[in-house]
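A quick write-up on the structure given underneath.
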Amino acid sequence: MKIYVALDEEKCFNPYASILIKRLREIDSTLEIRSGISIFWDEEIFTYGIIHIHWPDLLLKNTSRTPDELRERLCELKKKGVKIVATCHNFVPHFAKFSWQTEAYSIIYKACDLTLHMGNVSLEKFRGEYPNCRHEILQHHIYDDRYTEHYSKLDALKKFKLSSSYRYILCLGAFRDKKERTLILGLRDFLKANSFKILAPSFSIPARPLGIRSTLKFIKNRIEAFFLNHKYNVINFSRIVDDQEIPLLGAAADFVLIQRTDILNSGNLPLGFYLKKVVVGPNTGNVGDFLKQTGNPVFDTANLSTLPLSLKAGMKLAQSNYGDNNYLFAIKNLGSKEIALQLLKLYKEL
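Note that our numbering has the sequence shown beginning at 6, numbered continuously upward.
Laid out in structure tokens, this is it:
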């Protein structure tokens, strides 16, 4: 079986697909799996039986190709009997600046023979919008090929020079817009009254100081980080977190908060489970459904007065070691090998 995955593994911002590729190769060494955007536009692409697309706009990014050319290419492939598979990570791309990015998503989803969903919310929506496509659930796997180190809470607090007088809520990932920052800053009184601090290492990420302007911006960001901590109880590292720091942050935190206000899926959900943490998140998309099904607290993004109550519920669950239940659930149901086996079965059925 020849499978093409439409991304450049070395440049891809998200390791989700690369982990699945690795697991598929381990499960069946006879599989021919290739990735790399240029292949999609070469004649070689017609030798593959399955094309799996994760983020549709990557097929046009940094190329001179147009949405019409993408649509035409897919038609040619389908005429040759090639099967088109997509994983619905989101309905439209994050941070889309150009219309072609959003259009690419629509083109791919319309052409699919099989669309994979991480929950029922997107599955039911797409069944209505794309009835000629097969829709199946394939949960987001845990990152069990990494983050294997284990640390004590005390060691983690020492590493980041954090006081043991506070309880810590971890918010991973870049903050995508002002609404997400406002959500956190709006918790100031609650955090101070309950001796909480929020670990938001990527709350804001300044450009690397190269010229005078960027240097001044970097210094301004560091000053803002100081006031964030002292005024809002929000700790900002002002940078992307290194992979080796993830288990340390997990050990330092009492539980995880997904700070998104508009979200379909989140890799931080299974990651939080894998770190043995309770996860609090928005009652939106597949994230809200999954959290409720597993007994983790949710908040209403249309009524943020529910957020402090959810955080209190999260702390109570954390104190009862509910994070261990999440970990056991993840190991049993969300292991990358198990998810890859399910994916291979679906490929074979195509």
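All residues carry an ideal CB built from backbone N, CA and C; glycine is no exception.
DSSP, reduced to helix, strand and coil, places PRO287 within a strand of the structure shown. Across the set TYR135, ARG132, GLN144, the C-alpha of GLN144 shows the shortest separation from the C-alpha of GLY124. Inclusion of LEU204 and TYR171 in the CB contact set at 8 Å is not warranted, their separation being larger than that value. Residues of the same chain with their beta carbon placed closer than 6 Å to that of SER168 are lacking, with the five preceding and five following residues left out of the count.
For LEU309 against GLY191, the beta-carbon gap comes to about 6 Å, under 8 Å, which counts as contact. Residues LYS7 of the same chain have their beta carbon placed closer than 7 Å to that of THR52, with the five preceding and five following residues left out of the count. HIS146 places its beta carbon less than 8 Å from that of GLY340.
In the displayed model, GLU77 falls within a helix according to three-state DSSP. DSSP places ARG30 within a helical segment (H, G or I) once states are collapsed to three. The C-alpha of GLU250 lies about 12 Å from the C-alpha of ARG244. For TYR9, the enclosing beta strand (DSSP E) has its first and last residue at 7-10. Going by DSSP, VAL261 is part of the beta strand (DSSP E) stretching over 260-262. By the C-beta criterion, the segment 230-239 is judged not to be in contact with the segment 269-282, since fewer than 3 inter-stretch pairs fall below 8 Å. For THR187, no beta strand (DSSP E) segment is defined; the enclosing uninterrupted segment is the alpha helix (DSSP H) at 183-190. Going by C-alpha positions, ILE217 is about 17 Å away from ILE228.
Judged by DSSP in its simplified three-state form, TYR173 adopts strand.
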